[in-house]
Each structure stands twice: as C-alpha cells, then as structure tokens.
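Below is one structure, written out as structure tokens; the observations come after it.
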Amino acid sequence: MSTRNSLWDALNQEQDEQTIYRQALDQACDYLAGMRERPAFPASSAIAALSQFDEALPAGPSRASDILALLHALGSPATTAPNGGRYFGFVNGGQLPAALAARLLADAWDQNAGLQVMSPIAAKLEAVCEVWLVDLLDLPAGTAMGLVSGTSLATLCGLLAGRNALLQRQGWDLRERGLFGAPPLRVVMSSAAHVTVRRALSILGIGSAQIELAAADEQGRFDVKALPQLDERTILILQAGNVNSGSFDRFEPLCAAAREAGAWVHIDGAFGLWARACEATAHLTAGIELADSWAVDAHKTLNAPYDCGIVFCRARHELVTALAASESYLPVGGGRDGMLYTPEMSRRARSIELWAALKSLGQAGVDQLVAQLCQRARQFAQALDAAGFRILNEVVFNQVLVACDTEDMTRRTLANIQAGEVCWCGGTDWRGENAIRISVCSWATTEADVERSVAAFVVAREQARGARA
Ligand SMILES: *Cc1c(COP(=O)(O)O)cnc(C)c1O
C-alpha cells in the first residue's frame with residue numbers, strides 16, 4: 223500500500239515539513255526580538271502595503287515558505303504592539319512569555335477541547351484551571367467554569383443561565399416551552415453597562431423595554447440609591463471595572479439586596495475581576511462572592527493570549543442545564559467535558575495557555591502583575607497631572623482618563639499621540655467630554671515606558687498648540 227499523500231506532495235513542492243515550522247518559529251522569534259522598539263501602532267505605509275493581499279483566490283497552490291515570507295514581510299509591520307510596553311489602547315492585554323510558548327506547542331497539538339475523549343490533556347488542564355481560578359478569585363466553593371472566546375460570550379452564558387433559572391423558578395421550563403409566552407423578566411443595570419451586555423441581552427430575547435437603567439455616579443459606578451425594588455424575576459447586572467474609568471460597583475449592598483429578593487446577579491468583570499487576586503485591590507471586589515455568575519477575560523489583565531474568556535456560575539447545574547446538548551454519539555461523562563460549559567462543541571484548547579499563564583505566575587505573580595498595572599496607571603496620572611493635563615477619573619485600577627484645557631486641544635493632542643508612534647491610546651467620551659483613554663494592561667509596561675509615553679503626550683500637546691498658533 224502506498225504511504226504517499228498526493229495532496230501533501232502537491233502543496234509542499236519538495237519542502238520538508240520541519241523546515242517550514244522552523245521558518246515560522248524563526249520569524250516569530252525575529253518579530254518578538256524587535257517587539258520593544260517597534261512602533262506601538264503600525265506606520266501608515268505598512269497599512270497601505272496590506273493592499274498587496276487584494277488578489278483573487280489563487281488557482282493553484284503556493285509554497286508554505288513563500289506564504290510565511292509574505293506574511294512576515296507585510297503582516298509583521300502592520301501589527302499593533304500590545305507586548306511592546308507602550309500600547310494603551312482599549313483594554314487589550316499582552317501575553318506572558320510562558321503562555322505564548324505553551325500556545326506555540328499547543329498549536330502543534332491541534333486539540334479539540336469539546337470532550338475529554340477528544341483531548342485528555344486539554345480536559346485535564348481545564349479541570350485544573352477551574353479549581354485554581356475558583357480559589358484564586360475567591361469564588362464560592364463548587365463554582366463551575368466554562369472557557370469561551372471572551373467576556374462577550376461569557377456574559378451571554380451567565381445571563382442565559384440566569385434567565386433560564388429564574389424562569390424555571392417561576393414554573394416555566396424554557397427548554398420545553400421556549401421563550402414566547404414566558405413570564406416577563408426584569409433586568410436592572412446601570413447606564414454605564416458595557417455595550418456587550420446590551421448585545422447579550424438582545425440575543426437572549428430581552429428587549430430594551432425590559433431593562434431598567436439605573437443612574438451611574440460620577441465614576442461610572444452603579445448609584446446604590448438608584449437601585450429599584452428587586453424581586454425573584456430580576457437579573458441584576460453589575461460591573462467590576464468600568465471600561466473607561468476602571469471603577470467598581472459597590473457589590474456589598476447591591477448583591478446583598480439581590481440575594482434577599484431572590485434576584486440573579488451577573489458580574490461583568492472582564493478585566494476588573496482580577497482585582498480580587500491582588501492584595502492591594504481585592505477590597506474593590508468585596509461582596510462580589512454573593513453573585514450568581516461572573517464573566518472575566520484571561521486575555522486582558524492576566525495576559526493570557528487571545529482568545530480566552532471565562533464564565534463562572536455558582537450553581538453548576540444551572541449553567542450545564544442552560545447549555546445542555548446530548549446526542550448518542552457524544553460520550554459525555556466520566557471526565558471534564560468542556561462543551562458542557564459553553565455554547566460550542568469544537569473549540570481550541572484555551573486551557574493550555576491559561577494553565578501556563580497561571581502556572582508561570584503563581585498566586586504571588588498574579589498579585590504582582592495586577593499591582594504593577596495599577597502602579598503604572600498611577601504613575602501615568604501623577605506625571606500627566608504634574609505636566610498640566612487634567613485627570614478625569616479616580617485612578618483605582620489600570621485606567622486613566624486624560625484631557626487638555628479644551629476639547630479641541632484634547633482631540634488634536636490625541637491625534638498627534640496616535641501619529642507619533644511612541645505610544646498608542648484611544649479616545650472616548652467621558653460624561654459628555656472628549657477624553658484620552660489610557661489602559662495599562664500589559665505585563666511588559668515598565669516605569670521607563672510610562673515616562674517615555676508621558677513625554678510623548680507633552681510633545682503631542684506642544685504640536686497641537688503650535689498648529690493652532
Ligand atoms: C472587554 C470588555 C468586554 C468584552 O470582552 P471581550 O473579551 O472583548 O468579548 C465586556 N465588558 C468589559 C467591561 C470589557 O472591558
């Protein structure tokens with residue numbers, strides 16, 4: 223019998239597999255070696271050069287080594303640099319070296335994390351991560367974990383479990399009877415809730431008329447005085463880490479009121495839930511353990527690679543029942559079957575790099591990582607304040623909102639910062655005012671990076687003044 227693989231022969235065109243993988247690893251190492259000095263945001267010429275990808279699907283195969291060379295030549299210069307130390311856009315997070323390295327190996331494994339029988343190693347590490355994270359984040363014993371792409375999906379899963387559980391308690395079996403005609407539920411959240419929460423609610427069939435928006439205070443926290451009467455038909459959505467100010471809702475009174483009323487509490491803790499794993503910031507999350515479901519990203523504050531979101535649910539059966547899927551050919555049971563905790567079946571094995579990130583840091587390392595991000599944010603705020611910028615938020619975590627004397631100056635200064643290549647920040651609208659938004663969320667950011675970035679802010683403002691004069 224022939225062992226020849228004619229497809230491979232056609233594609234590889236005399237190249238040996240190992241050579242191609244080594245080429246890819248060499249290019250990755252080359253890229254990573256230049257990481258700290260590359261621009262935080264790609265030059266416009268690099269972005270313009272991406273038009274070279276605009277071609278029709280080739281009629282025939284291309285050599286792998288040529289594909290890699292093209293990607294490295296055109297793709298590498300057109301990347302943003304979240305691991306370079308001076309990228310402060312959105313809330314993106316870098317990646318820890320051990321986690322990236324584990325991912326490189328895991329990519330070679332190509333494991334499907336749907337069922338234990340599909341990947342014993344992925345299942346084992348997922349089970350280990352569940353135990354570690356419930357402990358690290360000090361969540362109730364027995365809390366279940368599901369690994370998804372990000373907090374968008376984690377929030378969808380948490381709210382799904384909540385919606386179904388509340389309806390079940392009303393005597394409505396949603397799996398049998400569906401959503402149409404079900405008793406109405408209420409959703410209470412603050413006007414500062416993240417856009418992905420609104421999207422999740424809409425996917426779940428909860429319309430804006432069913433959402434009661436409470437006021438947020440001047441830091442974007444749920445105004446406790448604005449909490450309406452809750453009941454057993456209510457989902458209360460709270461936030462650990464406002465996407466602009468980094469502020470935390472006051473969980474103790476809010477969660478206690480919800481428990482008392484039999485409401486379901488979901489926490490959007492995309493980057494802020496990690497505050498709980500750091501001695502200096504844990505107080506910000508006091509009372510959060512009283513919630514029912516939590517969403518957090520490992521790819522943000524923890525610095526695991528993309529994409530890695532996590533849903534936690536206090537009542538394991540509520541999450542598993544809401545997501546239930548079974549078929550005779552699926553040998554569920556007897557181990558950690560990851561698909562039971564997510565809406566997906568086939569998934570890449572995120573547990574591998576999540577485990578590597580946690581293993582490489584340990585408890586002390588997570589503490590230090592979170593503390594360092596907060597420290598750099600405070601350094602930013604102090605230095606910018608001293609340089610005459612206005613700091614618009616209380617810097618309690620990793621986010622800093624900055625403005626100049628006028629909105630026009632803020633806008634021009636931000637444009638100059640973005641064009642300057644030293645560092646990169648985005649803009650936002652904060653309480654009706656246009657602001658520069660700094661998010662310190664990469665382990666790679668040093669004190670010197672902050673100093674260099676502050677200097678770039680000052681230069682950018684000088685240029686803005688010069689251009690106006
Ligand atoms: C980033 C973020 C989200 C969305 O998370 P994804 O991982 O991008 O899906 C939701 N809420 C908050 C507060 C965030 O910062």
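Quick note: the sequence shown uses the numbering used here, first residue 223, plus one each step. Think of the CB as a built atom: it goes at the ideal place given N, C-alpha and C, for glycine as much as any other residue.
Inset, instruction - Could you say if the region 334-349 and the region 310-317 meet the contact criterion of at least three C-beta pairs nearer than 8 Å? - result: no
Legend entry - Reduced DSSP category for Ile428 - H, G, I as helix; E, B as strand; rest coil: Start at 1 with the first residue of the sequence shown, and residue 428 comes out as number 206. Residue state for Ile428 is assigned as coil, using DSSP reduced to three classes.
Legend entry - Residue range of the beta strand (DSSP E) that includes Glu655: In the sequence shown, residue 655 corresponds to position 433, counting from 1. Looking at the DSSP string, the run of the beta strand (DSSP E) that includes Glu655 is Glu655 to Ser661.
Legend entry - Backbone CA spacing between Glu398 and Gly427 [nearest angstrom]: Within the sequence shown, numbered from 1, the residue matching residue 398 stands at position 176. Within the sequence shown, numbered from 1, the residue matching residue 427 stands at position 205. About 16 Å.
Inset, instruction - Could you tell me if the beta carbon of Ser467 falls within a distance shorter than 7 Å of some heavy atom in ligand 1? - result: Taking the first residue of the sequence shown as 1, we reach residue 467 at position 245. Checking the Cβ of Ser467 against ligand 1 gives no.
Legend entry - For Val350, three-class secondary structure by DSSP: Position 128 of the sequence shown, counted from the start, is the residue given in the question as residue 350. Correct three-state label for Val350: helix.
Legend entry - Any non-hydrogen atom of ligand 1 within 7 Å of Asp519 CB: Here residue 519 is taken as the residue at index 297 of the sequence shown, counted from 1. Asp519 Cβ: within cutoff of ligand 1.
Inset, instruction - Leaving aside the five residues before and after Phe473 along the sequence, list all residues of the same chain whose C-beta is less than 6 Å from its C-beta, in chain order. - result: Taking the first residue of the sequence shown as position 1, residue 473 is located at position 251. Excluding sequence neighbours, Phe473 sits near Gly509 and Ile510.
Legend entry - Ser467, DSSP secondary structure in three states: For the purposes of this step, residue 467 is taken as residue 245 along the sequence shown, with counting starting at 1. Note: Ser467 maps to coil in three-state DSSP.
Inset, instruction - Quick one: residues in its chain with C-beta nearer than 7 Å to the C-beta of Tyr528, no 5 flanking neighbours on either side, listed in chain order? - result: Counted from its first residue, the sequence shown places residue 528 at position 306. Here the set comprises His521.
Legend entry - Coarse secondary structure for Ala517, derived from DSSP in three states: Your numbering for residue 517 matches position 295 in the sequence shown. Strand at Ala517.
Legend entry - Cβ-heavy atom distance, Gly584 to ligand 1, below 7 Å: By 1-based counting over the sequence shown, the position of residue 584 is 362. False, no ligand heavy atom lies under 7 Å from that Cβ.
Inset, instruction - Could you pull the start and end residues of the alpha helix (DSSP H) that Ala483 belongs to? - result: On the sequence shown, residue 483 is found 261 positions in, with the first residue counted as 1. That run of the alpha helix (DSSP H) goes Phe473 to Ala483.
Legend entry - Candidates Ala321, Pro283, Ala232 and Leu541: closest to Gly364 by CA position: The count along the sequence shown starts at 1 and reaches residue 364 at position 142. Per the Cα distances, Leu541.
Inset, instruction - Out of Arg408, Ser582 and Leu545, point me to the one whose CA is closest to Cys351's CA. - result: Position 129 of the sequence shown holds residue 351. When only C-alpha atoms are compared, the closest one is Ser582.
Inset, instruction - Would you list the one or two residues that DSSP bridges to Ile532? - result: Here residue 532 corresponds to residue number 310 of the sequence shown, with the count starting at 1. For Ile532, which the question treats as bridged, DSSP gives the partners Leu369 and Val518.
Legend entry - Ordered list of beta strand (DSSP E) runs contained in the region 354-404, each at least 3 residues: 366-370
Inset, instruction - Inspect the CB distances between the region 656-668 and the region 289-297 and report whether three or more fall short of 8 Å. - result: no
Legend entry - Beta-carbon gap between Leu423 and Val409 smaller than 8 Å: What you label residue 423 is simply residue 201 of the sequence shown in a count that begins at 1. What you label residue 409 is simply residue 187 of the sequence shown in a count that begins at 1. Contact flag set, yes.
Legend entry - Limits of the unbroken alpha helix (DSSP H) element including His488: The sequence position of residue 488 within the sequence shown is 266, counting from 1. Note, His488: premise wrong, no alpha helix (DSSP H); beta strand (DSSP E) at Trp486 to Asp490.
Inset, instruction - Throw me the rounded Cβ distance for the Thr377 and Val419 pair, which I believe falls under 8 Å. - result: Mapped onto the sequence shown, residue 377 falls at position 155. Mapped onto the sequence shown, residue 419 falls at position 197. Contact flag correct, Cβ pair sits at about 6 Å.
Inset, instruction - With a threshold of 7 Å, establish whether the CB of Ala492 neighbours any heavy atom of ligand 1. - result: Start at 1 with the first residue of the sequence shown, and residue 492 comes out as number 270. Yes, the Cβ of Ala492 comes within 7 Å of a heavy atom of ligand 1.
Legend entry - Separation of Ser228 from Ala414, as counted between CA atoms: Your numbering for residue 414 matches position 192 in the sequence shown. Your numbering for residue 228 matches position 6 in the sequence shown. Answer to the nearest angstrom: the Cα atoms are 57 Å apart.
Legend entry - C-alpha gap between Thr302 and Asn525, whole angstroms: Locating residue 302 in the sequence shown gives position 80, where the first residue counts as 1. Locating residue 525 in the sequence shown gives position 303, where the first residue counts as 1. Whole-angstrom Cα-Cα distance: 16 Å.
Inset, instruction - Can you check DSSP and say which residues form a bridge with Asp651? - result: Counted from its first residue, the sequence shown places residue 651 at position 429. Asp651 pairs with Asn656.
Legend entry - Same chain, Cβ closer than 7 Å to Phe310, neighbours up to 5 away in sequence not counted: Along the sequence shown, read from residue 1 onward, the residue named residue 310 stands at position 88. Counting only Cβ-Cβ distances below 7 Å, and skipping sequence neighbours, we find Cys645, Trp646, Cys647, Ile660, Ser661 and Val662.
Legend entry - Alpha-carbon spacing of Gly491 relative to Ala578, whole angstroms: Sequence index remark: in the sequence shown, residue 491 carries index 269 (1-based). Sequence index remark: in the sequence shown, residue 578 carries index 356 (1-based). C-alpha separation (whole angstroms): 22 Å.
Inset, instruction - Would you list the one or two residues that DSSP bridges to Glu434? - result: As a first step, residue 434 must be located in the sequence shown, where it is residue number 212. DSSP, once it has assigned bridges, lists Val410 as partnering Glu434.
Inset, instruction - Jot down the residue ranges of each uninterrupted beta strand (DSSP E) in the region 281-322, minimum 3 residues, whole runs only, in chain order. - result: none
Legend entry - Three-state secondary structure assigned by DSSP to Gln338: Taking the first residue of the sequence shown as 1, we reach residue 338 at position 116. It is helical.
Legend entry - Closest by C-alpha distance to Ala265, when choosing among Glu684, Trp652, Val672 and Glu643: In the sequence shown, the residue the question calls residue 265 occupies position 43. Minimum Cα distance to Ala265 is reached at Glu643.
Inset, instruction - Run the CB neighbour count on Pro304, radius 10 Å, all protein chains shown included, and call it buried at 16 or more, exposed below. - result: Here residue 304 refers to the residue found at position 82 of the sequence shown. Burial call: buried.
Inset, instruction - Quick one: residues in its chain with C-beta nearer than 6 Å to the C-beta of Leu458, no 5 flanking neighbours on either side, listed in chain order? - result: Taking the sequence shown and counting its residues from 1, the one referred to as residue 458 is at position 236. Same-chain partners within the cutoff: Val410, Ala480, Ala485 and Val487.
Inset, instruction - Go ahead and label Ser412 buried or exposed: buried means 16 or more other beta carbons lie within 10 angstroms of its beta carbon, across all protein chains shown. - result: Stepping through the sequence shown from its first residue, residue 412 is reached at position 190. Answer is buried; the Cβ neighbour count reaches 16.
Inset, instruction - Look up Leu545 in the DSSP assignment and say whether it is helix, strand or coil. - result: Translated into positions along the sequence shown, residue 545 becomes position 323. Three-state DSSP puts Leu545 in coil, outside helix and strand.
Inset, instruction - For the beta strand (DSSP E) holding Thr456, just list the boundary residues, first then last. - result: As a position in the sequence shown, residue 456 is number 234, starting the count at 1. That run of the beta strand (DSSP E) goes Thr456 to Gln461.
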